[in-house]
Amino acid sequence: MSDAWMARLKDPQPWSAPRPLPQPATAGDICVRLYQQGDGPALFAAIDDRREALLPWMAWASSDPRRVDDSIFYVERCRRAYEKADCLDFPMAILDASSGAVLGGTGLHEIVPDLRQAEIGYWVRGTHQGKGICTRAIGALISAGLRPTEEGGWGLRRILIFNDVENVASRRVCVKLGLRLEMRMQKDRYLDSYRDTLGFAVLADEWDFEHNRTKPGTAGQN
Numbered sequence: 001m002s003d004a005w006m007a008r009l010k011d012p013q014p015w016s017a018p019r020p021l022p023q024p025a026t027a028g029d030i031c032v033r034l035y036q037q038g039d040g041p042a043l044f045a046a047i048d049d050r051r052e053a054l055l056p057w058m059a060w061a062s063s064d065p066r067r068v069d070d071s072i073f074y075v076e077r078c079r080r081a082y083e084k085a086d087c088l089d090f091p092m093a094i095l096d097a098s099s100g101a102v103l104g105g106t107g108l109h110e111i112v113p114d115l116r117q118a119e120i121g122y123w124v125r126g127t128h129q130g131k132g133i134c135t136r137a138i139g140a141l142i143s144a145g146l147r148p149t150e151e152g153g154w155g156l157r158r159i160l161i162f163n164d165v166e167n168v169a170s171r172r173v174c175v176k177l178g179l180r181l182e183m184r185m186q187k188d189r190y191l192d193s194y195r196d197t198l199g200f201a202v203l204a205d206e207w208d209f210e211h212n213r214t215k216p217g218t219a220g221q222n
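Numbering (my numbering), first residue to last: 1 to 222.
Okay, here's the thing in structure tokens:
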């Protein structure tokens, strides 16, 4: 395939991580930020706090992390990766803005620079599920992700979220934020059995940055 043809398949202004990296995203009492030195013990506590609540959907929770040192190592690995010019994965913590307690995890993942697109995943510690924390956190992160870099954001064009069709709580986050259901992939993944995956998405011009949700009449809104 010719270079000219390949050029037509890429955004003429591909994404690159803004430097310095954006400040934390906030929504009331919830803060979403990149991991910092010292977060390891609090991250481990969040995962180990009713770990069984994560296991139906987060297969990694069955074996990792098993010790505080595992989380300390993970945080340090993330911090080092953030500084690399070619970093395309930015794991983040969901925090209580007042106490600084780790309430869960999220991040901008699988970034495709030529499409200026990223995926978001998320989890909330077992004792804090069902309180709307994830909806507020992900709304704030989407705003930060789609906000132009000149306004302090990550400068992305499109955000994707995938969830297990049986994970009602995860799907509810996408619905509350008004994201568009774009696909249902039949039996595309295996977690104890073959399972369907739902794919939600939103574009920057569909997003209401003031209210951290889609604009009325666009994306998944009626």
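Idealized CB from N, CA, C, for every residue including glycine. Nothing here was measured: the structure is a model prediction, and the numbers come from that model.
Asked: Give a yes or no on contact between the region 147-162 and the region 190-206, applying the rule of three or more CB pairs nearer than 8 Å.; Found: yes
Asked: Within this structure, are the beta carbons of Val75 and Asp39 separated by less than 9 Å?; Found: yes
Asked: Report yes if the C-beta distance between Leu146 and Arg157 is below 9 Å; otherwise report no.; Found: yes
Asked: Going by CA-CA distance only, name the one from Tyr194, Leu191, Cys134 and Arg171 that's closest to Met183.; Found: Arg171
Asked: What first and last residue would you give for the alpha helix (DSSP H) that runs through Val165?; Found: Unbroken run through Val165: none, as it is neither H nor E.
Asked: Answer with buried or exposed for Arg66, where buried requires no fewer than 16 other C-beta atoms within 10 angstroms of its C-beta.; Found: exposed
Asked: What are the partner residues of Gln186, as DSSP defines its beta bridges?; Found: Partner(s): none; Gln186 has no beta bridge.
Asked: How far does the beta strand (DSSP E) with Thr106 in it reach, from first residue to last?; Found: Val102 to Val112
Asked: Going by the DSSP bridge assignment, what does Ile94 pair with across the sheet?; Found: Val32 and Gly104
Asked: When we look at the beta-carbon of Thr135 and count the other beta-carbons within 10 Å, is it buried (16 or more) or exposed?; Found: buried
Asked: Figure out for me which residue from Ala42, Thr127, Arg195 and Thr106 has the closest Cα to the Cα of Glu119.; Found: Thr106
Asked: Following the continuous beta strand (DSSP E) through Glu119, name the residue where it begins and the one where it ends.; Found: Gln117 to Ile120
Asked: May I ask you to report which of helix, strand or coil DSSP gives Phe200?; Found: strand
Asked: By how many angstroms is the C-alpha of Gly100 removed from the C-alpha of Pro20?; Found: 22 Å
Asked: If you draw a straight line from the C-alpha of Arg116 to the C-alpha of Gln13, how long is it?; Found: 9 Å
Asked: Since Thr214 and Leu179 are thought to touch, with beta carbons under 8 Å apart, how far apart are those beta carbons, to the nearest angstrom?; Found: 7 Å
Asked: For Asp64, does the three-state DSSP call read helix, strand or coil?; Found: coil
Asked: Determine which residues share a DSSP beta bridge with Arg158 and list them.; Found: Gln117 and Leu203
Asked: Could you give the C-beta distance for Ile72 and Ile133, rounded to a whole number, given that I count them as a contact under 8 Å?; Found: About 24 Å separates the two Cβ atoms, so there is no contact after all.
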